[in-house]
Structure formats: C-alpha cells, structure tokens
Amino acid sequence: MKNNSSQKSYTVAEALQKLMHFCSYRDRSQKEVEDKLNQMRMIPEAKEKIVIKLMQEGFLNEERFARSFVRGKFRIKKWGKIRIRQELKRREISEPLIKIGLTEINEKDYSSTLYELAEKKALQVKEKNPFLKKKKICDHLLRKGYESQLVFDCVNDLIE
C-alpha cells in the first residue's frame with residue numbers, strides 16, 4: 001500500500017512549470033490537465049489559477065486540441081467521425097468544438113480512407129459466403145466509427 005504522506009507536494013509555480021512542459025509535449029484537453037493537477041493533489045484555487053495561466057500563455061487551447069486530435073486519429077488510426085466524436089466527448093470537449101475539430105477531415109479523404117479500409121479487410125476475410133463476408137467487413141468499419149449508411153454503400157459497391 002502506498003503511503004500518501006510521501007507523495008511530493010508542489011507550489012503553484014512548480015506545478016505551473018510541470019504543466020507547461022506537459023502541455024508543450026503535445027496538445028492536451030482541459031480534462032487531461034485537471035486530471036494531472038488532481039494527481040498532484042493541488043487545491044481548487046491553485047488548479048483554477050494554473051489552468052487560466054496555461055490558457056493565457058497558449059499552452060492550453062481546447063480548439064487546437066480538438067483539431068489536432070481529429071487529424072491524428074483520422075490520419076494515423078483511420079477512425080471514423082462517430083468514434084472520434086465519442087472520444088472527444090469522453091475528454092469533455094464541447095459539441096461546438098467537436099464540430100470545429102471535425103472540419104479537419106476532408107470529405108474526399110474520408111471516403112477514400114473508408115474504401116481503402118474496406119478493400120484491405122475484404123482481402124483479410126477468408127469467408128466464402130458473400131453475406132457473412134459483407135457482415136465481417138461492415139462490423140470492422142462500424143467499430144472504426146464510420147457512419148452505417150456510408151459503410152453499407154461502400155461494402156455493397158465493393159462486393160457485388
């Protein structure tokens with residue numbers, strides 16, 4: 001069992017420095033920063049002061065976080081808009097900022113990525129029954145967070 005009295009306590013200045021470094025490493029959401037401050041066992045007044053300072057200094061910006069999160073998850077993990085939206089909500093990003101973030105996805109790229117994923121999965125699925133093969137591909141794309149109508153249209157185009 002961990003002894004809480006041995007945990008380091010931070011001054012506001014030390015915590016601010018630590019959080020500036022934390023935020024400069026990559027874009028962070030306000031929730032991530034608040035979680036980090038809670039781990040550091042900062043009092044509410046200090047947390048508020050630090051969050052405001054991070055925002056004023058440009059270390060913490062929810063819109064920038066939403067935009068970079070969307071770009072990264074779409075380009076690297078090839079997630080669909082539904083999955084990205086869910087993950088942003090989990091990070092307590094507001095709906096208007098989620099909408100702004102999703103503008104980072106180009107519709108042509110979105111469509112071509114969906115087709116690439118479907119083609120790749122179609123090659124991996126060894127199922128002979130065309131209905132079961134379609135189902136497996138659809139399930140995969142839906143788990144990735146793509147909209148059901150787009151998925152069904154794509155898979156139907158791919159497997160006649």
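In this text, residue positions in the sequence shown follow the UniProt record's numbering: the first is 1, and each later residue adds one.
From the three backbone atoms N, C-alpha and C, an ideal C-beta is built for every residue, glycine too.
Model, not experiment: these values are computed from the prediction.
In the pairwise beta carbon analysis, the segment 48-61 is classified as not touching the segment 85-95: fewer than three pairs are separated by under 8 Å.
Taking the Cα of glutamate 45 as reference, the smallest distance to any Cα among Leu60, Val12, Lys77 is reached at Val12. Ranking Phe69, Gln86, Tyr110, Asn129 by CA distance to the CA of leucine 150 puts Tyr110 first. Annotation note: the segment 85-125 contains the following uninterrupted alpha helix (DSSP H) runs of length 4 or greater, listed N- to C-terminal: 95-102, 107-124. Leucine 141 counts as buried, since at least 16 other C-beta atoms from the protein chains shown sit within 10 angstroms of its C-beta. Contact annotation: lysine 144 and arginine 83 have beta-carbon atoms nearer than 9 Å. Collapsing the DSSP output to three states places glycine 72 in a helix.
The residues Gln30, Val33, Glu34, Leu37, Leu60, in chain order, have a CB closer than 8 Å to that of valine 51 in the same chain once the five nearest residues on each side in sequence are set aside. Using a 10 angstroms sphere on the CB of isoleucine 137, the tally of other CB atoms reaches 16 or more, which defines it as buried.
Excluding five sequence positions before and after methionine 40, the CB atoms of its chain that fall closer than 6 Å to its own CB belong to Tyr10, Ala15, given in chain order.
Within 10 angstroms of the beta-carbon of aspartate 139 lie fewer than 16 other beta-carbons, which makes it exposed.
By the neighbour-count criterion, in which 16 or more other beta carbons inside 10 Å mark a residue as buried, phenylalanine 131 falls on the exposed side.
In the structure shown, the three-state DSSP call for asparagine 156 is helix.
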